[in-house]
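Comments concern the structure below.
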Amino acid sequence: MTGRKGGRAWVGDLIHDEEADRRRIVADVRGGAMWVLRPEYGPGQWTSERPDRLRVIKTRKERLRDRDT
1336 MTGRKGGRAW VGDLIHDEEA DRRRIVADVR GGAMWVLRPE YGPGQWTSER PDRLRVIKTR
1396 KERLRDRDT
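Read left to right, the sequence shown gives residues 1336 to 1404 (our numbering).
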């Protein structure tokens, strides 16, 4: 988990998962090949090997800034 890669969704980002048509949070990126996702609210966990289908809604930095205001 070391920084954003090529503009793709990264850990802490709020994303829209186009395959599932749901909003998720990126919880982990494993080996740059598997994105671990969790729901925006509540328990659960999914994986995606299709980062091209994960559209960033808000970066982690934006989410933290908005939370503090």
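Glycine included, C-beta positions come from ideal geometry on N, C-alpha and C.
- Residues Leu1349, Arg1358, Arg1359, Ile1360 of the same chain have their beta carbon placed closer than 8 Å to that of Glu1375, with the five preceding and five following residues left out of the count.
- When Asp1403, Pro1386, Thr1394 are compared, the shortest CA-CA separation from Ala1368 is found for Pro1386.
- Judged by their CB atoms, Asp1356 and Arg1388 are not nearer to each other than the 8 Å cut-off.
- The beta carbon of Arg1395 is closer than 6 Å to those of Gly1347, Asp1348 in its chain, skipping five residues each way along the sequence.
- Secondary structure at Asp1356: coil, using DSSP grouped into helix, strand and coil.
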